[in-house]
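According to the working numbering, the residues represented by the sequence shown are 31 to 125, in order.
Backbone N, C-alpha and C define an ideal beta-carbon position, used for all residues, glycine too.
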Amino acid sequence: MDQLEGKEVSNTMSYVKKCPRCGGDVIKKEVKEVLYGGVNTAILNVKVGVCLLCGERLYTPDLVRQFETIERKLELQETKDFQKVGQSFQVAVVA
Ligand SMILES: [Zn+2]
Numbered sequence: 031m032d033q034l035e036g037k038e039v040s041n042t043m044s045y046v047k048k049c050p051r052c053g054g055d056v057i058k059k060e061v062k063e064v065l066y067g068g069v070n071t072a073i074l075n076v077k078v079g080v081c082l083l084c085g086e087r088l089y090t091p092d093l094v095r096q097f098e099t100i101e102r103k104l105e106l107q108e109t110k111d112f113q114k115v116g117q118s119f120q121v122a123v124v125a
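Structure, rendered in structure tokens:
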């Protein structure tokens, strides 16, 4: 079962060539993703598919799974594997 799952992951690593939203060309690009879990935030530099026309970001199922794992860890405060790069502040702004 585990082996099958592993195979599935490697097969889904390729990106789609055309955007499912507008049919534009999709390129592989490194982008910054911000993930939230509970009161914690994680910033990731990841290579994703980006549509040249509408800017839609396309993630592989494997990447989405990894995001979910990170978000769960953030929520549970299991951040010892993460590198701390700064602090988050809550600021009250008078509009
Ligand atoms: Zn598009």
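Distances from the CA of THR109 to each of TYR66, LYS58, PHE119 were compared; the closest alpha carbon is that of TYR66. Rounded to whole angstroms, the gap between the alpha carbons of ASP111 and LEU93 is 18 Å. If you draw a straight line from the Cα of SER118 to the Cα of LYS77, it comes to about 25 Å. Collapsing the DSSP output to three states places ARG102 in a helix.
Restricting attention to THR71, LYS48, VAL115, the CA atom closest to the CA of ARG102 is found in THR71. Rounded to whole angstroms, the separation of the alpha carbons of GLY79 and TYR89 is 7 Å. The DSSP-derived three-state label of ARG95 is helix.
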